[in-house]
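Chains A and B are the protein sequences, given in the same order. The working numbering applies: residue 7 is where the first sequence begins, and numbers increase by one. The working numbering applies: residue 746 is where the second sequence begins, and numbers increase by one.
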Amino acid sequence: MADTPLQGIRVISFGTGGVIPDFGMILGSLGADVIKVECHENPDFMRTIGADPDNIAGFNESNRNKRDIGLNLKVKKGQEIAGRLIKVADIVGENLRGGVMKSLNLDYESVRKFKPDIIYISSNGYGSGGPYSEYQAYGPMLSAFSGLLSLWCHPTDPYPAGANVPLPDHYASKMLVVAALAALDYRRRTGKGQFVDMSQVEMAANMIGEYCLDYTINERVPQPVGNRSPYAAPYNAYRCKGNDEWCAISVFTDAEWQSFCLAIGSPHWTREAKFADLTSRLKHVEELDKHVEEWTLQHKSREVMIMLQNAGVAAGVLYRPAEILDDPQLGWLNANIEVDHPVAGKRLYPNVPFHISDVTLPPSRPAPLLGQHTEEICRDVLKMSADEIKTLKDEGILEVSRRQQQEKK
Amino acid sequence: MSEHQEGALSVYRVLDLTDQKGAFCTKILADLGADVIKIESPGGDATRNIPPFAGDVPHIERSLYFLFRYANRRGVTLNLEVADGKKIFEKLVKKADVLVEAFPPGYMASLGLDYQALRKINPGLVMASITEFGQTGPYRDWKGSDIVNYAMSNTMITSGFGDGAPINLPGTPCCDAASIIAAISILTALYMRGDGGQGRYIDTSVHECSRLALYPWMLPMYSYNLNPGAPPPPPEGRLGAMIYPVYPCKDGFIRVVALTPRQWDGLVHVLGDPEVLKQPQWREFYYRIGNAADIYAVMLEFTTQFTMLELFEKGYQEGVPIVPIYSIEGFTNSLQTEARKFYSEMKHPVVGKFKYPGPPYKWSGTHCEAKRPAPTLGQHNEEIYCKELGFSKQDLAALRRSEVI
C-alpha cells in the first residue's frame, strides 16, 4: 500500500491564474510530484499582480505543494524539454488561452504521439470546439456568461455586481481533480489515457442546473430572488450591532419558528396571526424582516448566531477572515495551516479538507519561486548532465530563480 | 465523443443516501459512469418537494431541483428504520463499492449502520459522510442552510454592492463545494483500494469546504495584509463592481476584466479611442479600483453605443477580456453552448422530453453524459430487489404492504 495516495504520480502543469494552479496544488497535497512550467518572460499571471512575483498571497496559496521549472517554451528546444517531462509523467494540466498549447506543439494530439497513455486535462474559459474557444477569459467573466451572475443580485439592484471572487475557478479546479483521479483509476484498469476538455462556463452552469431547466422546461427566464427563499421565512442576512456586521438566519419549519420566537424572547409581534405559519410569513415577509432586524441590531452578529444555533435554528455570521480564525469548529478540524515561505515568511492558508481514514497527507510545502527547482528537476527527472544543464541555461532555455542567483552573489 | 458506452467509473456501484449536501457528489460519479442507486424513504425524498416544478405543478416527479441533481441514477425506496429494511440495505452494501450519506452526525450509528458496522459486511466499502459541520467538534450539531453556509464561507461579506446588503449566491454552492471534495476523497480512497484492498471512511463538512471552492485566497490575502507594494483595498469589502466592473450597453450589460495596462489600452481602443479615457493613471488596475465610481460615470457614454456581442468580439480582437452578462436564456442559446452540445435531450416518464444541461467536460476515451433521467419514486425496485437481490414479486408486494419499501 502506498504511503500517500498519489505517491509515484507525476503531473506537469502549464497553469496560470486559478484553475490549473489550484488543481496542481490539490494533487500535490495528495502526494503527487507536481512540476509547474513557467519562465520569466511568461510567468503565471498571478505573479504579476503585485510588486514581487514571489510574494503574492493568491499565487502562494494556489501553488503550494509543487516544484517549479524555469523553461522557455517559445523555442523548439524548450518545447522538446517539456515533451521529455511529459514522457515521464502521468498527467498534463493546462489552462492557457485556447490554441496556445497547439502553437507550442504540446496539445493532446501532439503529446499522445509520444505518450499514448497520457491523461491530458485541459480547461478553457469557454471550452474547445466553438466560436469563442480562443477567447481569453477569467473566472468572473464565466459566471457572467453562464447566466449565474444574472441571478446573483437583489431584484432592486441596477445590475449584478457579483463578489470579489474569481467564481467558478476554484470549483473548476476541484472538478478537474475529480476528472484526473477518475482517469487515473480507468488507466490503472485498462492502460488507457485520455483527454478531458472542460468549459469553465459550463462549470458555472452546473451550479445552477435547476435554473437552466426552468428555461428549457417552463420556457421562463429565471429572475434574481435576492436573499429570499420560497420555502423559508425568516430567510435573509440581517444587520447586527456594529459596522457592516451581519448574520444570516433561516427558519424552515413551524417547530423552528417556535424555537426562533422563544430564543428572541417572544416579543409581542411574534404572536400576530400574520406570522403564524410559513405561508402567511412569506406573504408578510417585508414586515417580518423588519421585526427580525430590530432584534438583531441589538446584538453582535456572533451573539445572534450562538443564541439561535443553541435554540436549534440555522444562523451564521457573515464571516471575515479574522472570524474564520476564531471559529472553534474550523480550529477543531485543523482547517487553517501556517506554511513558511522563503520570501513571504510564515503565513496562514486554508488546509485541504481531506479527512480519509488511514491516510496521512504529507506536510504542505510553500509555493515555489520562479525557477526554484530547475536544476534538480533536470538532474533527477530528466537525467541531464551538469554540462547539458549549463549549456541550456547559457542558451536561455532553462532559467533558474533570479532571487536565488542574487542571494548567491 | 459519445460513441463510448463505458464511463471512466462504470465498474463501480454507489449507494446514494444524500440530500442537497451530497446530491452533486453522486451526480459527478454518475456522470462518469458509476452505477448510482438513489435510496429514498418510501414516502420519497424531501428534495422532490423543492420548487419550482415542471409546468408549475407541485408534484414529487416534477421538482426541477430533483430532475437536475438526481439524473443518471437508478432509484429504490427503502425504510432504513425497520429491521427488514436494514437487512435489505446490508445486502445492497455487500455489492457496493461506495456509500455516500448526508444524515446528521450519529444517525447512521443509531441505526447500527455506521462505518464500523458496515465494514464488517464489506471490508472494501468506501463510505463518505457529508454533514453541515462535521462528525465531531463543538459545532457538530449546528444547523445549516444555503444562506447560512454561504455567510460562513467568508464570501457573502464580499458579495453585492459596497453600500448595500450582502447578497446570497443562487443554487447550492456550499453544498456543491462539499460534494466535490467528497468526490475527490472517494476517488482517492478507491484508487488506494485498487483491486481487493481495504475501504475507507470519509468525513466531509459543508462548513470546511465552502470557502475552498468559493474564495480560498481570502485568508492568505488577509494574512499577507494584501500584496506588499500594492495599495490595499480591504479584502473583505464588497468590491465586485470595482474589481470587475459592469457597464451598460445597447442591449444589456457587459463585464470587463482588465488587469494589465495593455488590456486597459485594448478597452480604450474598442471604445473608439476617446481622449477622455486616455488618462495615464487610469491604466493602473488598483487606481481604477479606488476610483471606480468616477470612471464608471465617464465610461457609460461610450459603452452604451455598442451591443453586448459587439463589445465581446471587439474585446477579443483587441486583447481585452469583455463578456456579455447573459441570462439563462442568453447562455442556453449562445453559439458556444450549442456548438459544444452542452444540452442533451432527455425523456422523463412524467415530464416528457426536455433539454438537460450536461457535465462541464467532454472526455475523449470514455462516456461522460447524462444517460437517463432522475428516477421516479421506486422506479427500479423490481429491477434491483428482484433481479439483483433475488426477491420474488410476492416478496416485493409484501414489503410494499408493510412499508419496508
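We put the beta carbon where it would ideally sit given N, CA and C, even for glycine.
Under 9 Å by beta carbon: chain B residues contacting residue i
i	result
residue 233 of chain A	892, 910, 911, 912, 913
residue 197 of chain A	What residue 197 of chain A touches in chain B: nothing, since even the nearest Cβ is about 11 Å away.
residue 252 of chain A	896, 901, 902, 910, 911
residue 224 of chain A	797, 798, 799, 800, 801, 809
Three-state secondary structure (DSSP) of residue i
i	result
residue 278 of chain A	coil
residue 972 of chain B	Residue placement at residue 972 of chain B cannot be trusted, given a pLDDT of 49 that sits under 50; what the coordinates show is reported in the next sentence. Coil, per DSSP.
residue 1150 of chain B	coil
residue 940 of chain B	coil
residue 113 of chain A	coil
residue 897 of chain B	helix
residue 1130 of chain B	helix
residue 226 of chain A	coil
residue 175 of chain A	helix
residue 416 of chain A	Shown here, chain A extends from 7 to 415; a query on residue 416 of chain A therefore has no answer.
residue 1136 of chain B	coil
residue 916 of chain B	coil
residue 1000 of chain B	strand
residue 746 of chain B	Unreliable positioning characterises residue 746 of chain B in this predicted model, as indicated by a pLDDT of 43, which lies under 50. The coordinate reading is nonetheless provided below. Coil.
residue 1141 of chain B	helix
residue 1013 of chain B	helix
residue 134 of chain A	coil
residue 408 of chain A	helix
residue 762 of chain B	strand
residue 1081 of chain B	helix
residue 32 of chain A	helix
residue 42 of chain A	strand
residue 151 of chain A	helix
residue 956 of chain B	helix
residue 1102 of chain B	strand
residue 20 of chain A	strand
residue 782 of chain B	strand
residue 185 of chain A	helix
residue 200 of chain A	strand
Of the listed residues the options, nearest to residue i (C-alpha basis)
i	options	result
residue 852 of chain B	B:867, B:886, B:751	B:886
residue 1024 of chain B	B:868, B:1040, B:783	B:1040
residue 261 of chain A	A:345, A:126, A:239	A:239
residue 206 of chain A	A:124, A:175, A:344	A:175
residue 327 of chain A	A:351, A:313, A:117, A:356	A:356
residue 424 of chain A	A:172, A:155, A:171, A:170	With chain A covering only 7 through 415, there is no way to say anything about residue 424 of chain A.
residue 311 of chain A	B:781, B:802, B:897, B:869	B:897
residue 121 of chain A	A:137, A:128, A:91, A:101	A:91
residue 69 of chain A	A:81, A:288, A:43	A:43
residue 969 of chain B	A:232, A:227, A:350, A:395	A:350
residue 354 of chain A	A:192, A:245, A:341	A:341
residue 100 of chain A	A:279, A:142, A:22	A:22
residue 160 of chain A	A:243, A:400, A:319, A:71	A:243
residue 811 of chain B	B:843, B:1029, B:916	B:916
residue 822 of chain B	B:1138, B:1126, B:1147	B:1126
residue 138 of chain A	A:172, A:103, A:190	A:103
residue 203 of chain A	A:219, A:182, A:194	A:182
Residues that residue i contacts on chain A, provided the C-beta gap is smaller than 7 Å
i	result
residue 934 of chain B	362
residue 882 of chain B	335, 338, 339
residue 879 of chain B	335, 339
Proximal chain B residues relative to residue i, where beta-carbon distance stays under 7 Å
i	result
residue 356 of chain A	956, 957, 961, 964
residue 269 of chain A	None at all; the shortest Cβ gap to chain B is about 13 Å.
residue 146 of chain A	989, 1000, 1002
Under 8 Å by beta carbon: chain B residues contacting residue i
i	result
residue 64 of chain A	962, 965, 966
Near the ligand SAH: residue i beta-carbon under 7 Å from a heavy atom
i	result
residue 217 of chain A	Absent from the structure shown: the ligand SAH. Ligands present: none.
Fill in: Any beta strand (DSSP E) of 3 or more consecutive residues that is wholly inside the region 840-882 of chain B
The DSSP assignment places 843-846, 871-876 as complete runs of the beta strand (DSSP E) inside the region 840-882 of chain B, in order along the chain (cut-off: 3 residues).
Worksheet item: Within the chosen definition, does the region 399-409 of chain A reach the region 1080-1096 of chain B through at least 3 CB pairs nearer than 8 Å?
Response: Taking 8 Å as the limit for Cβ pairs, the verdict is that the region 1080-1096 of chain B does not touch the region 399-409 of chain A.
Discussion item. I'd like to know if the region 12-31 of chain A and the region 52-71 of chain A are in contact, where contact means that at least 3 CB-CB pairs between them fall below 8 Å.
Written reply: The region 12-31 of chain A is in contact with the region 52-71 of chain A.
Practice prompt. List in chain order: all unbroken beta strand (DSSP E) runs of 3+ residues lying wholly within the region 322-400 of chain A.
Written response: Counting whole runs of 3 or more residues, the region 322-400 of chain A contains the beta strand (DSSP E) stretches 342-347, 351-356.
Worksheet entry | Three-pair Cβ contact test at 8 Å for the region 993-1009 of chain B versus the region 1048-1059 of chain B | Counting C-beta pairs with one atom in each stretch, the region 993-1009 of chain B and the region 1048-1059 of chain B have three or more that are closer than 8 Å, which means they touch.
Worksheet entry | Any 3 or more C-beta pairs closer than 8 Å across the region 949-968 of chain B and the region 1000-1014 of chain B | No, the region 949-968 of chain B is not in contact with the region 1000-1014 of chain B.
Discussion item. So within the region 1031-1065 of chain B, which uninterrupted beta strand (DSSP E) runs reach at least 3 residues, ignoring any that extend past its ends?
Written reply: As for any beta strand (DSSP E) of minimum length 3 sitting wholly inside the region 1031-1065 of chain B, there is none.
Discussion item. Could you check whether the region 938-952 of chain B touches the region 861-881 of chain B, counting it as contact only if at least three pairs of C-beta atoms, one from each stretch, sit closer than 8 Å?
Written reply: Yes, the region 938-952 of chain B touches the region 861-881 of chain B.
Practice prompt. Say whether the region 209-218 of chain A touches the region 1093-1106 of chain B, bearing in mind that this needs 3 or more beta-carbon pairs closer than 8 Å, one atom from each stretch.
Written response: With the cut-off at 8 Å, the region 209-218 of chain A and the region 1093-1106 of chain B touch.
Discussion item. Can you confirm whether the region 843-862 of chain B touches the region 798-808 of chain B when touching is taken to mean that 3 or more C-beta pairs between the two stretches lie within less than 8 Å?
Written reply: Judged by Cβ distances under 8 Å, the region 798-808 of chain B makes no contact with the region 843-862 of chain B, as fewer than three pairs qualify.
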